[in-house]
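Written out below as structure tokens is the structure these notes cover.
Numbering (my numbering), first residue to last: 3 to 463.
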């Protein structure tokens with residue numbers, strides 16, 4: 003029986019708690035040269051795609067811009083369009099929010115990226131949960147959970163309808179007859195749904211993939227159903243073997259009711275890595291990286307997200323605070339001290355979380371910073387290149403994932419060592435390509451071509 007083929011993607015994370023911006027090896031997170039280096043390294047390693055996140059507002063803590071987000075949030079689709087000119091094979095995936103963007107604009111940008119790249123575009127469809135981000139937009143506010151996913155579903159269906167409004171053979175460009183379009187009536191659409199009421203003509207002819215690859219990120223019941231019904235790949239946090247196998251089995255089992263096959267959806271957990279020449283060296287390297295990622299100021303910032311109060315007078319190298327966090331009943335009208343960070347939602351019971359942190363600190367003699375590292379600083383793969391290659395292969399062959407979205411702690415050069423030391427070992431195992439066999443991202447991922455289109459589209463919901 004042939005081995006399952008591993009799918010790998012590279013995530014350029016920008017400055018956040020996983021990226022060590024203060025390391026001398028770290029480069030700019032906004033200059034194009036950083037993105038070029040990162041993309042070309044991933045392509046040299048034959049990765050399926052490069053992934054860029056989206057940020058619609060800088061996060062804040064205590065009313066100030068959160069220190070780990072000071073790099074800003076450049077437009078990711080513009081960066082991907084520029085990368086199309088300096089790469090030849092690697093897929094170009096970008097997060098585009100479905101809550102605050104409009105379908106025609108998103109469909110137009112992604113179809114353009116697919117044209118510029120020769121069929122390598124992908125869209126990571128996400129929703130926005132917080133009113134804080136919504137303040138940057140005219141509509142403002144936020145949508146309740148059921149409406150967020152309804153809008154995401156309708157946004158995707160609308161974008162697909164726009165892409166499908168151009169038949170693949172519409173552009174004739176017959177110089178002899180002087181006829182450019184075959185029918186001359188392409189791009190017509192009319193969308194009537196709960197979230198959208200638009201009609202007109204889509205301005206971009208059908209792109210090489212027809213429809214860009216669709217990625218979805220999320221673990222809720224709604225997210226799993228959305229991925230099973232509509233996505234080509236799902237970006238998940240399940241990077242432990244047993245949890246990964248449970249998630250994999252659950253999501254793959256949902257595909258049949260939507261008329262889809264298991265191979266129609268790739269499951270790709272996010273994963274970090276630290277390498278060393280020996281297991282002991284790798285463990286020590288990981289410990290050093292953890293302390294770089296969670297410096298004193300970052301430890302306090304993480305604790306403030308739990309305690310929901312100013313902790314600037316707390317010693318990060320001292321014990322976990324003995325007082326309890328502010329609960330929702332204690333919070334002033336200004337809301338949570340941390341704005342725009344999805345991680346805050348993890349602490350649904352902050353008092354219980356604080357008690358857990360205190361017990362861990364007292365039991366093992368850990369400082370506040372050490373507790374934060376223990377809770378937030380773990381790496382997925384730590385070991386020699388051989389050990390990491392073996393573990394990645396085990397995950398894929400045992401149906402815990404179809405591959406991984408790798409997140410280095412240094413950019414732009416953090417992926418170099420993985421490309422040079424781990425990828426060749428995966429290739430020796432016969433579970434990862436040595437050359438690209440296709441030209442489009444759909445082909446890299448082993449996905450079927452997008453559906454045949456019609457000339458005019460009308461959606462009623």
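Using N, Cα and C, we set each Cβ at its ideal position, and we do this for glycine too. All values derive from a computational prediction rather than experimental measurement.
Measure the alpha-carbon distance for residue i versus residue j and round it to whole angstroms.
i           : j           : result
residue 227 : residue 444 : 21 Å
residue 358 : residue 395 : 34 Å
residue 332 : residue 356 : Note that residue 332 scores a pLDDT of 49, beneath 50, so its modelled location is shaky and nothing firm can be said.
residue 446 : residue 101 : 29 Å
residue 8   : residue 404 : 6 Å
residue 139 : residue 417 : 35 Å
residue 313 : residue 302 : 6 Å
residue 401 : residue 127 : 24 Å
residue 335 : residue 452 : Because the pLDDT at residue 335 is just 42, under 50, the model does not fix this residue reliably, and the point stays unresolved.
residue 196 : residue 153 : 8 Å
residue 286 : residue 397 : 24 Å
residue 178 : residue 169 : 22 Å
residue 473 : residue 279 : Residue 473 lies beyond the stretch modelled for the chain, which goes from 3 to 463, so this question has no answer here.
residue 462 : residue 149 : In this prediction, residue 462 has a pLDDT of 47, which is less than 50 and means its spatial position is unreliable; nothing more can be read from the coordinates.
residue 298 : residue 289 : 15 Å
residue 459 : residue 171 : Because residue 459 carries a pLDDT of 40, less than 50, the predicted location of this residue cannot be relied on, and the following value inherits that uncertainty. About 16 Å.
residue 370 : residue 319 : 6 Å
On a Cα-Cα basis, can you pick out the residue from the options that is closest to residue i?
i           : options            : result
residue 106 : 91, 160, 277, 151  : 160
residue 241 : 91, 384, 428       : 384
residue 63  : 409, 438, 304      : 304
residue 204 : 165, 321, 195      : 165
residue 467 : 6, 4, 3, 13        : Outside the displayed range of the chain (3 to 463) lies residue 467, so it cannot be described from this structure.
residue 45  : 435, 450, 449, 131 : 435
residue 350 : 327, 433, 360, 392 : 327
residue 376 : 324, 30, 291       : 291
residue 88  : 119, 95, 66        : 119
residue 108 : 247, 80, 265       : 80
Is the Cβ-Cβ distance between residue i and residue j less than 8 Å?
i           : j           : result
residue 167 : residue 186 : no
residue 53  : residue 407 : yes
residue 151 : residue 224 : yes
residue 363 : residue 322 : yes
residue 113 : residue 253 : no
residue 121 : residue 209 : yes
residue 83  : residue 115 : yes
residue 219 : residue 267 : no
residue 125 : residue 217 : yes
residue 43  : residue 411 : no
residue 163 : residue 97  : no
residue 437 : residue 48  : yes
residue 37  : residue 85  : yes
residue 235 : residue 386 : no
residue 500 : residue 271 : Since the first and last residues shown for the chain are 3 and 463, residue 500 lies out of range.
residue 247 : residue 22  : no
Put residue i into one of helix, strand or coil per three-state DSSP.
i           : result
residue 446 : helix
residue 11  : strand
residue 197 : coil
residue 22  : coil
residue 453 : coil
residue 16  : coil
residue 225 : helix
residue 181 : strand
residue 322 : coil
residue 176 : strand
residue 427 : helix
residue 81  : helix
residue 97  : strand
residue 335 : Note that residue 335 has pLDDT 42, beneath the 50 cutoff, so the model's placement of it is unreliable and the number below is only indicative. In this structure, residue 335 counts as coil in the three-state DSSP scheme.
Original post:
Which runs of the beta strand (DSSP E) spanning at least 3 residues fall entirely within the segment 110-136, listed in chain order?
Top reply: 123-128
Subject >> Every unbroken alpha helix (DSSP H) within the segment 341-393, with a cutoff of 4 residues, ordered by chain >> reply: 352-366, 370-378
Subject >> Contiguous beta strand (DSSP E) assignments of at least 3 residues, all confined to the segment 217-302 >> reply: 235-238, 268-273, 275-277
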